[in-house]
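Q: Supplied in structure tokens, the structure appears directly below.
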Amino acid sequence: MSYSTTAIAHPNVALIKYWGKSNLTENIPSTPSISITLSKLETKTTIVEDDFDTIWINQKKINDEKILRFLSQIREKTGIATIKIETENNFPTGSGLASSASGFAALATALNQHFSLGFTQSELSTIARKGSASSARSIFGGIVSLQGPSWKARSIEQDGEWPLRIIIAKTSSERKEISSSEGMKLTRETSPFYQPWVKEAQKDFDDCLSAIKNQDFEKLADLSEKSCLKMIGTMLSTSPSLIYWNPTTLACVHAIKKMRTAGKAVFFTTDAGPQIKAICTSESAEEVTKSLSNIVGPTNIIDCEIGGDARIV
Ligand code: DP6
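All you need for this note's numbering is the position in the sequence shown, starting with 1, plus 19.
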């Protein structure tokens, strides 16, 4: 009799960004990164053995080359059977809210349990990374780093240790036209700012680690905004240019800058999409929510805390 296994993983938002790869086969980033795992948003993935590999996302059957390739890589190593994958995201898929991060983390976690593969969390992060590098970080809750030479993610601060809030302002629910993988390939090939971006990344990463260790919010804010804007700079200077922001994204950036200048503990970040993520302390959360609600409307605000590990349910 065939039984099913279900896992949940949360997306994450990078403070120090990964943008660019140094090894395509192993999917190794060219920059180290640091992220926060998000509570509330989640990917729930159920797998069951079947005659073929099939993939259903939000009840729609899809043909996803990246997921199929990921399955064959694992199959080569472990001999797992073919499966039906059913995935539900409780947030828009492919619109810059890191659905591939939580997606591959949930899938790797479900496979590990279902086929009794016996991988540790650290090994699972290496496996998930091959599907999508940001998903290596979604294996863990808290604040998470991903750096060489092992390129295994690890939790550097558990949830609850530094009670930050992540307030997301959804400025669009559309799927992005150019995926992160495609976008970063174009950036590496064409942006004149790509080399300086890679060169400065390690220092930003190291400085950010010490800001987190000291719970220095101002320093974390400076470094995170700088990493985001440097990444956006490489995107804008890519040919053809990658413009993921929309006018509402920019309006939110200005609103957050204004609050920060007025002394509120808040900063912004964005990824390969138009959604704004405002990171703040709990004391600032009410004002940040109010200000961003005025721009995107209260139904487009998602107020998250720091989320936990990927897990079996
Ligand atoms: C902008 O992890 O989605 O969100 O490894 O090709 O699947 P692949 O890329 P992905 O890229 C994430 C890029 C980012 C920044 C980040 O999360 O660090």
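Here a beta-carbon is modelled for each residue, glycine too, at the ideal position from N, C-alpha and C.
1) At a cut-off of 7 Å, would you count residue 334 as near ligand 1, judging by its Cβ distance to the nearest heavy atom?
2) Identify every residue that forms a DSSP beta bridge with residue 280.
3) Return yes when the C-beta of residue 22 is under 7 Å from any heavy atom of ligand 1, and no when it is not.
4) Quick one: using the 10 Å Cβ neighbour count with 16 as the cut-off for buried, is residue 31 buried or exposed?
5) Quick check on residue 207: buried or exposed, where buried means 16 or more other Cβ atoms within 10 Å of its Cβ?
6) Does the contact criterion of 3 or more C-beta pairs under 8 Å hold for the region 64-78 versus the region 172-185?
7) Please give the ranges of any alpha helix (DSSP H) in the region 157-225, keeping only runs that are unbroken, at least 4 residues long and fully inside the region.
8) At a cut-off of 7 Å, would you count residue 195 as near ligand 1, judging by its Cβ distance to the nearest heavy atom?
9) Could you check if residue 290 belongs to the surroundings of ligand 1, using beta carbon to heavy atom distance under 7 Å?
10) Which same chain residues end up closer than 8 Å to residue 261 when comparing Cβ atoms and leaving out the 5 residues on each side of it in sequence?
11) Measure the alpha-carbon distance for residue 133 versus residue 147 and round it to whole angstroms.
12) Excluding the five sequence neighbours on either side, which residues of its own chain have a C-beta within less than 7 Å of the C-beta of residue 108, listed in chain order?
13) Below 8 Å, can you find three or more Cβ-Cβ pairs linking the region 157-171 to the region 186-197?
14) Measuring CB to CB, does residue 191 end up less than 8 Å from residue 266?
15) May I have a chain-ordered list of the beta strand (DSSP E) segments no shorter than 3 residues that lie completely inside the region 83-116?
16) Apply the 10 Å Cβ neighbour rule to residue 29 and answer buried if 16 or more other Cβ atoms are within range, or exposed otherwise.
17) So is the beta-carbon of residue 313 under 7 Å away from any non-hydrogen atom of ligand 1?
A: Reading from the atomic positions:
1) Absent from the model: residue 334. The displayed extent of the chain is 20 to 332, so no value can be given.
2) In the DSSP output, where bridge partners are listed per residue, residue 280 has none listed.
3) no
4) buried
5) buried
6) no
7) 199-209
8) no
9) yes
10) 197, 202, 205, 206, 254, 255 and 291
11) 16 Å
12) 62, 77 and 118
13) no
14) no
15) 102-108
16) buried
17) no
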